[in-house]
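Its first residue numbered 791, the sequence shown is counted upward by one per residue in my numbering. Heads up, the beta-carbon is just placed ideally off N, CA and C, and yes, glycines get one too. See below for the structure under consideration.
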Amino acid sequence: MKFVLKYLLRHSSSRGGFEVGAPSSQSSRAGGGPCRGGRGLPLSVRKRRRSHWSVRKGGKESHCSEVLEAIENVIEDVFKSLAQKKAPVLTLASRSGWRNIEFKDSVGLQMIPHCTTRQIRSDCPRSASKFALMLKILSMIYKMVQTNTYATKRDIYYSDTLLFGSQSVVDNIINDISCMLKIPRRSLHVLSTTKGFVAGNLSYTEEDGTKVNCTCSATAVTVPSNVQGIKNLISHAKFMLIVEKDATFQRLLDDDFCNKLSPCIMITGRGVPDLNTRLLVRKLWDTFQLPIFTLMDADPHGVEIMCIYKYGSVSMSFEAHHLTVPSIKWLGLLPSDLERLNIRKDALIPFTKRDQSKLASIQKRPYIACQPTWKKELEIMAASKLKAEIQVLTSLSSDYLSRVYLPNKLQFGGWL
């Protein structure tokens, strides 16, 4: 335990304070701003004062005092262990593998209530440094919640790069803390840098009052970093299209696809979607109940990305209710489309061993069993051992995707 205390003191006390994050617009609400004063995590657990501003917890509103209480409970357990001359331990749900996962049609992949756990021990050389880092980040989160400020994961990492070592260490610890406390990451006042784009028939107001009108913009708008805070969403779109790749997304924008067929909203996560892009897709679904279609490459990687939007992922299964949209439909590019459109074989790409392994893994997943049409498409892909990018449609004509393929698919119900 002495090692942990020295580790914390050496790496946090000797450096400057954590000075990232900006005041939230929530501070202007009734109740007058921050939930608490004070500096950092208290050395003793004090009685909480009632606050008026709130953050999201689960599917309900939760006062910031409840978030602070959850952190205080963790620290209180640490103090109790020390008082009993025991080595403090943090208990985390295992977020890797399928043992703790169950599949439900209406939700996707979610963590089971009573899951297997792992311990981060303060007296074990393998986990002592992670134990210390978790307490460090808990302290940062506590300060941000009590002062009603926000920071990105990148901010946290760059506040002490020597201490954290890498961005992935910070990312993993923040997800572990969110899962341990059973509080969504955004309610911990931790944001992530956004890489996704949105375009089309949509306008909204950001938390700071900035009005965003995607409809009038000739270019795409970056997905907001605080999706939870956007409000006054307005759209006359008839459907939403999720596009896997940025290049395809930009081509559809250039072709004015959002307005030519019928008004729509287009979103791209530019590959594997980040949390903000997934949150926005879910928020738009909750708000407008629009049909949502996906446009992916006809390869195992594209199918994997589509499944993340629709059913979620194992590592983020504890937040499934906020991230998944099981009603999403597979519009294209379907493996069966390649033969139907007489795409030349020399325009297709042979499978790699990694492709074969990825596809075999997807075929074994529980949600494929309840999607017979998807299962058939994957069997076609597996039998051919060939894959295709969406750009293969340019072999038919340069504007085939926006002029022929998508209009026909949407008009005649060519989705699964």
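{"Check": "Distance CB(I1020)-CB(T995) smaller than 8 Å", "Outcome": "yes"}
{"Check": "I1133 versus S1187, F1039, S949, R889, residue with shortest Cα-Cα distance", "Outcome": "S1187"}
{"Check": "Residue burial classification, P1140 (beta-carbon count within 10 angstroms, cutoff 16)", "Outcome": "exposed"}
{"Check": "Run of the beta strand (DSSP E) containing W1075, from where it starts to where it stops", "Outcome": "Counting along the chain, W1075 falls outside any beta strand (DSSP E), though it belongs to the alpha helix (DSSP H) covering 1065-1078."}
{"Check": "Cβ of P1140 within 8 Å of any chain C Cβ", "Outcome": "In summary, chain C is missing from the structure at hand, where a single protein chain is found."}
{"Check": "Beta-carbon proximity of V1033 to T1009, cut-off 8 Å", "Outcome": "no"}
{"Check": "Residue environment, T906, which counts as buried when at least 16 other CB atoms sit within 10 Å", "Outcome": "exposed"}
{"Check": "Sub-8 Å separation of W1075 and V1115 beta-carbons", "Outcome": "yes"}
{"Check": "Cα-Cα separation between L1206 and T1067, rounded to whole angstroms", "Outcome": "22 Å"}
{"Check": "Backbone CA spacing between L872 and V879 [nearest angstrom]", "Outcome": "10 Å"}
{"Check": "Burial state of H1112 (16 or more Cβ within 10 Å)", "Outcome": "buried"}
{"Check": "Neighbourhood of A883 by C-beta distance below 6 Å, restricted to the same chain and skipping five residues each side", "Outcome": "C905, T907, C969"}
{"Check": "For D895, the nearest candidate out of E1169, K1001, I1118, S1147 (CA to CA)", "Outcome": "I1118"}
{"Check": "Cβ pair Y1101, T1084 closer than 8 Å", "Outcome": "no"}
{"Check": "Where W888 falls, given that 16 or more other Cβ within 10 Å makes a residue buried", "Outcome": "exposed"}
{"Check": "Burial state of H979, where buried means 16 or more other Cβ atoms lie within 10 Å", "Outcome": "buried"}
{"Check": "Residues bridged to G984 (per DSSP)", "Outcome": "Per the sequence shown, the amino acid found at residue 984 is Thr instead of Gly. None, per the DSSP bridge assignment."}
{"Check": "Start-to-end residues for the beta strand (DSSP E) that takes in C1054", "Outcome": "1054-1058"}
{"Check": "Three-state secondary structure assigned by DSSP to A1008", "Outcome": "coil"}
{"Check": "L783 and A860 closer than 8 Å at C-beta", "Outcome": "Any property of residue 783 remains undetermined from this structure, which presents the chain solely from 791 to 1206."}
{"Check": "For E996, three-class secondary structure by DSSP", "Outcome": "coil"}
{"Check": "Length of the line joining the Cα atoms of Q957 and I946", "Outcome": "9 Å"}
{"Check": "The ligand GDP heavy atom lying under 7 Å from the CB of P1081", "Outcome": "The ligand GDP is not part of the structure shown, which contains no ligands of any sort."}
{"Check": "Assigned exposure category for E809 - 16 Cβ within 10 Å defines buried", "Outcome": "Because the pLDDT at E809 is just 43, under 50, the model does not fix this residue reliably, and the point stays unresolved."}
{"Check": "Closest by C-alpha distance to K985, when choosing among V1182, E862, P1063", "Outcome": "P1063"}
{"Check": "Buried/exposed call for A812, threshold 16 Cβ in 10 Å", "Outcome": "With a pLDDT of only 43 at A812, under the threshold of 50, the placement of this residue in the model should not be trusted, and no figure is reported."}
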